[in-house]
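Student: Taking the working numbering, the leading residue of the sequence shown gets 133, the next gets one more, and so forth.
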Amino acid sequence: MRIITINREFGSGGREVGKRLADVLHYRYYDSEIINAISLESNMDEGYVSSMLESGSFWDFPITYGNTFASFAEPQSNLTRLLVAERRVILDIAKKGENCVIVGRNADEILHGYHPFKIFVYAEMHSKIARCMEREKDGSHMTEKEMKKRIERIDSSRRRRNQLVGGGKWGAKESYNLCVNTTGCEIKKIVPGIADYIKAWFESAHAE
């Protein structure tokens with residue numbers, strides 16, 4: 133079984149990298165499917181689940197836990213329930229034994245024992261702003277300044293979330309097997325090269 137996990141800065145195109153990698157490698161792809169599974173398990177609305185896990189609520193949430201998610205200051209809180217459900221869903225995915233790509237959700241740390249190939253996707257701020265503005269041009273009236281603040285807020289939330297689950301330093305090269313800068317890149321053109329690198333990595337790892 134081969135697992136690829138993707139952490140990414142908001143607006144860097146990490147989700148597209150993950151989806152295209154899954155298509156090229158013929159792996160299962162998990163992203164919104166995880167939110168759906170958590171929603172079903174917790175009996176909560178998908179929109180609410182997504183908002184709670186991405187909003188930055190972690191900043192002031194009084195919990196302390198490591199890889200086991202064992203110690204919570206407020207065990208009845210919805211956020212705690214969602215974090216536990218999320219971990220269980222991701223572990224269940226790994227237990228299926230399928231080759232897969234998992235985007236976000238700190239899957240790299242949760243599945244540490246499965247030795248996934250860990251990718252971090254990033255880009256320069258101007259590139260992230262442009263990608264976000266293009267993606268939301270029909271449904272958003274945000275200025276570039278407002279979009280920049282949104283990107284910074286979401287990335288700060290992801291960094292804080294990573295700290296809470298006891299993972300490596302978010303965005304630091306030593307925490308990943310590959311860091312990809314998508315600034316100025318057409319993602320569909322760089323994915324085949326990334327896929328070749330990943331295949332060589334897994335072949336080398338299995339040979340040891």
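In this text, a Cβ means the ideal position worked out from N, Cα and C, and glycines have one as well.
1. Using a Cβ-Cβ cut-off of 7 Å (strictly less than) and excluding sequence neighbours within five positions of lysine 151, which residues of its own chain qualify?
2. Tell me which residue opens and which closes the beta strand (DSSP E) that cysteine 311 is part of.
3. For alanine 154, is the classification buried or exposed, using 16 other Cβ atoms within 10 angstroms of its Cβ as the cut-off for buried?
4. Going by DSSP, what residues sit across from cysteine 317 in a beta bridge?
5. Considering only residues of the same chain and omitting the five flanking positions on each side of valine 156, which have a CB-CB separation below 7 Å?
6. Less than 8 Å between the C-beta atoms of isoleucine 261 and valine 149, yes or no?
7. Three or more C-beta pairs closer than 8 Å, one from the stretch 307-319 and one from the stretch 242-262: is that the case here?
8. Cα separation between lysine 228 and valine 235?
9. Beta strand (DSSP E) containing valine 235: first to last residue?
10. Can you name the start and end residues of the alpha helix (DSSP H) that threonine 212 belongs to?
11. Please confirm whether isoleucine 222 and isoleucine 166 have their CB atoms less than 8 Å apart.
12. Taking the beta strand (DSSP E) that arginine 140 belongs to, which residues open and close that run?
13. Less than 8 Å separating the beta-carbons of leucine 214 and serine 174?
14. How about isoleucine 138 and valine 233: are their beta carbons less than 8 Å apart?
15. Three-state secondary structure (DSSP) at proline 324?
Tutor: From the atom records:
1. Tyr161
2. 310-313
3. buried
4. DSSP lists no partner for cysteine 317.
5. Val323, Pro324, Ala327
6. no
7. yes
8. 17 Å
9. 232-235
10. 210-227
11. yes
12. 135-140
13. yes
14. yes
15. helix
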